[in-house]
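Trainee: Sequence lines, in order, name chains U and E.
Counting in the numbering used here, the first sequence runs without a single skipped number right up to 97 at its last residue.
Counting in the numbering used here, the second sequence runs without a single skipped number right up to 189 at its last residue.
Ideal Cβ placement from N, Cα and C applies to all residues, glycine included.
What follows is a structure written as structure tokens; I'll ask about it next.
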Amino acid sequence: MVPLGYFLIAWLVLLACYAVFVLITLIQMLRHGLPSPFTYLSTFIFIAVIAAVVLGCGMYFLNVDWDQTIHVLSGVTGLFFKDSGLTGGEAPLDIPL
Amino acid sequence: MIDLSNIPGSQPDEQTVFFLRRHWFVMLPVIIGFCVVLVLPVAVYSLINIQSPEFFLKQGAFELYVLGASMFFLYAWLFLFQNYIDWYLDIWIVTNYRIINIEQHGLFGRTMSELMLYNVQDVTSEIIGLIHTVFDYGTIHIQSAGETSRFEFEDIEHPNHVAKRVLELAHIRKIQHQRKGNEPIGTTI
Chain U
1 MVPLGYFLIA
11 WLVLLACYAV
21 FVLITLIQML
31 RHGLPSPFTY
41 LSTFIFIAVI
51 AAVVLGCGMY
61 FLNVDWDQTI
71 HVLSGVTGLF
81 FKDSGLTGGE
91 APLDIPL
Chain E
1 MIDLSNIPGS
11 QPDEQTVFFL
21 RRHWFVMLPV
31 IIGFCVVLVL
41 PVAVYSLINI
51 QSPEFFLKQG
61 AFELYVLGAS
71 MFFLYAWLFL
81 FQNYIDWYLD
91 IWIVTNYRII
101 NIEQHGLFGR
111 TMSELMLYNV
121 QDVTSEIIGL
131 IHTVFDYGTI
141 HIQSAGETSR
151 FEFEDIEHPN
161 HVAKRVLELA
171 HIRKIQHQRK
181 GNEPIGTTI
């Protein structure tokens, strides 16, 4: 059982790293790119898309209960292996010889 | 166009003849790759829904998917933009005095070099392959006097026309250079 909030923390850490990369990229673009409308337009589109995604996610995450816990492994294995019908404490079937 | 007065060593009567970038077709595989990558989160969502429709009904599953998919998209978008920068910041400028070569290598590598037109010895244009021929883009190699390294304009539009014009400009500049009392290039031992 893993609290969902842990994944949010991991997401925020990745977002912080992302912000650093974006900052470096923007500095490179604005420092070395020619001062033309196309440079500013492409930079604006780049930032606008990032802002839209981050804000959209942020709005969605506001309504999520981050205290809930999830079964990571059971969720993933459930995707690949069909339920056999057996539960943990159930005895195996008697197969006649 | 670029303001040449911002570039060091510019002459008062210097004019831009060509302002060159790689052909847009070079960016196409990157854009297609990005579109494919963009479809991946949606494809994964659809696949999971087909394979196990109850998966996203589980507690926290959809939230986990949104966390992963959003981060995946953001990094893919950054990757695309960095490729775009790599393309956009590779510039070759031909003026009536010189050739300026500005190349971006990844995010942190940048090369700037220039070659005076009177030093140009040989210009070779190269269009190899079906796509290059159809879209008329290719590479120009410029050999300068006394230099082993060559200037390369990679994947530029109409390379034959550009090569011809560079040769003409180099010829004019050589004559003017000699008239100023300089020795002809390539004659010194």
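From the beta carbon of Leu93(U), is the nearest beta carbon of chain E less than 7 Å away?
Mentor: Counted from its first residue, the first sequence places residue 93(U) at position 93. Because Leu93(U) sits at a pLDDT of 49, beneath the cut-off of 50, its placement in the model cannot be relied upon, and the point is left open.
Trainee: Mind checking whether Phe7(U) and Leu67(E) have CB atoms under 7 Å apart?
Mentor: To locate residue 7(U), count along the first sequence from 1; it is residue 7. To locate residue 67(E), count along the second sequence from 1; it is residue 67. Yes, the Cβ-Cβ distance between Phe7(U) and Leu67(E) is below 7 Å.
Trainee: Using DSSP's beta-bridge definition, name the partner residues of Gln143(E).
Mentor: Taking the first residue of the second sequence as 1, we reach residue 143(E) at position 143. According to DSSP, Gln143(E) bridges with Asp122(E) and Arg150(E).
Trainee: Could you tell me which residues DSSP puts in a beta bridge with Gly109(E)?
Mentor: As a working mapping, residue 109(E) is identified with position 109 in the second sequence. Answer is His105(E).
Trainee: Say whether chain E places a C-beta atom closer than 7 Å to the C-beta of Met1(U).
Mentor: Looking up residue 1(U) in the first sequence gives position 1. Not one chain E Cβ lies under 7 Å of Met1(U).
Trainee: Give the residues from the region 52 to 73 of chain E that approach chain U closer than 7 Å (Cβ to any Cβ), ordered along the chain.
Mentor: Listed by position, the residues of the region 52 to 73 of chain E near chain U (Cβ gap below 7 Å) are Ser52, Phe55, Lys58, Gln59, Gly60, Ala61, Glu63, Leu64, Val66, Leu67, Ser70, Met71 and Phe73.
Trainee: Return helix, strand or coil for Trp92(E), following the three-state DSSP convention.
Mentor: As a first step, residue 92(E) is located in the second sequence; it is residue number 92 there, counting from the start. DSSP places Trp92(E) in strand when its eight states are reduced to three.
Trainee: Would you decide whether Val24(E) is buried or exposed? Buried here means 16 or more other CB atoms lie within 10 Å of its CB.
Mentor: Within the second sequence, residue 24(E) is the residue found at index 24, counting from 1. Per the sequence presented here, residue 24(E) reads as Trp, with Val not at that position. Exposed is the call here.
Trainee: Between the region 7 to 21 of chain E and the region 93 to 100 of chain E, do three or more beta carbon pairs fall short of 8 Å?
Mentor: yes
Trainee: Quick one: using the 10 Å Cβ neighbour count with 16 as the cut-off for buried, is Thr95(E) buried or exposed?
Mentor: Here residue 95(E) refers to the residue found at position 95 of the second sequence. The residue is buried, with at least 16 neighbouring Cβ atoms inside 10 Å.
Trainee: Would you kindly check if the distance between the Cβ of Val64(U) and the Cβ of Glu54(E) is under 7 Å?
Mentor: To locate residue 54(E), count along the second sequence from 1; it is residue 54. To locate residue 64(U), count along the first sequence from 1; it is residue 64. No; because the gap between Cβ atoms is not below 7 Å, this pair is not in contact.
Trainee: Would Phe81(E) pass as a contact of Phe46(U) if the rule is Cβ separation under 7 Å?
Mentor: Locating residue 81(E) in the second sequence gives position 81, counting from the first residue. Locating residue 46(U) in the first sequence gives position 46, counting from the first residue. Yes.
Trainee: May I have the straight-line CA-CA distance separating Lys180(E) from Gln11(E), to the nearest angstrom?
Mentor: As a position in the second sequence, residue 180(E) is number 180, starting the count at 1. As a position in the second sequence, residue 11(E) is number 11, starting the count at 1. Take the alpha-carbon of Lys180(E) and the one of Gln11(E): they are about 16 Å apart.
Trainee: How long is the line joining the alpha carbons of Leu28(E) and Val134(E), rounded to whole angstroms?
Mentor: Locating residue 28(E) in the second sequence gives position 28, counting from the first residue. Locating residue 134(E) in the second sequence gives position 134, counting from the first residue. About 15 Å.
Trainee: Tell me which residues of the region 149 to 179 of chain E have at least one Cβ-Cβ distance to chain U shorter than 8 Å, keeping chain order.
Mentor: none
Trainee: In this structure, how does DSSP classify Leu15(U) when only helix, strand and coil are distinguished?
Mentor: Numbered from its first residue, the first sequence carries residue 15(U) at position 15. DSSP places Leu15(U) in helix when its eight states are reduced to three.
Trainee: Kindly indicate if chain U contains any beta-carbon less than 7 Å away from that of Gln82(E).
Mentor: Here the question's residue 82(E) lines up with position 82 in the second sequence. Answer yes: the Cβ-Cβ gap between Gln82(E) and chain U drops below 7 Å somewhere.
Trainee: Looking at chain E, is there any beta carbon in it that lies within less than 7 Å of the beta carbon of Ile47(U)?
Mentor: Residue numbering aside, residue 47(U) sits at position 47 when the first sequence is read from its first letter. Cβ-Cβ to chain E under 7 Å: no for Ile47(U).
Trainee: Give me whichever residues DSSP pairs with Gly138(E) in a beta bridge.
Mentor: Within the second sequence, residue 138(E) is the residue found at index 138, counting from 1. Listed as beta-bridge partners of Gly138(E) by DSSP are Ile156(E).
Trainee: Quick one: what's got a C-beta closer than 8 Å to Asp67(U)'s C-beta in the same chain, skipping five residues either side?
Mentor: Your numbering for residue 67(U) matches position 67 in the first sequence. Closer than 8 Å at the Cβ level, and outside the excluded window around Asp67(U), lie Pro3, Leu4 and Gly5.
Trainee: Go to Phe18(E), then tell me how far its alpha helix (DSSP H) extends in each direction, as first and last residue.
Mentor: As a position in the second sequence, residue 18(E) is number 18, starting the count at 1. Unbroken run through Phe18(E) is the beta strand (DSSP E), Thr16 to Leu20; no alpha helix (DSSP H).
Trainee: Among residues of its own chain, excluding the 5 on either side of Arg167(E), which ones have a beta-carbon nearer than 6 Å to its beta-carbon?
Mentor: Taking the second sequence and counting its residues from 1, one reaches residue 167(E) at position 167. First, the amino acid is wrong: residue 167(E) is Leu here, not Arg. Take Leu167(E), set aside five residues on each side of it, and the residues of its chain with a beta-carbon closer than 6 Å to its own are Val123, in chain order.
Trainee: If contact means a Cβ-Cβ distance below 7 Å, which residues of the region 15 to 39 of chain U contact chain E?
Mentor: Tyr18, Phe21, Val22, Ile24, Thr25, Gln28, Met29, His32, Gly33 and Leu34
Trainee: Could you work out which residue in Asn49(E), Trp77(E) and Gly9(E) is closest to Tyr18(U) when comparing CA atoms only?
Mentor: Looking up residue 18(U) in the first sequence gives position 18. Of the listed residues, the one whose Cα sits closest to Tyr18(U) is Trp77(E).
Trainee: Using a Cβ-Cβ distance cut-off of 7 Å, determine whether Val53(U) contacts chain E.
Mentor: Within the first sequence, numbered from 1, the residue matching residue 53(U) stands at position 53. True, the Cβ-Cβ gap to chain E drops below 7 Å.
Trainee: Got a sec, what are the start and stop residues for the alpha helix (DSSP H) Met1(U) sits in?
Mentor: Working through the first sequence from its first residue, we reach residue 1(U) at position 1. Looking at the DSSP string, Met1(U) is not in any alpha helix (DSSP H), and its letter there is neither H nor E.
Trainee: Run the CB neighbour count on Leu62(U), radius 10 Å, all protein chains shown included, and call it buried at 16 or more, exposed below.
Mentor: Sequence index remark: in the first sequence, residue 62(U) carries index 62 (1-based). Exposed.
Trainee: Got a sec: is the Cβ-Cβ distance from Leu4(U) to anything in chain E below 7 Å?
Mentor: Mapped onto the first sequence, residue 4(U) falls at position 4. Yes, Leu4(U) lies at the interface with chain E (some Cβ there is under 7 Å from its Cβ).
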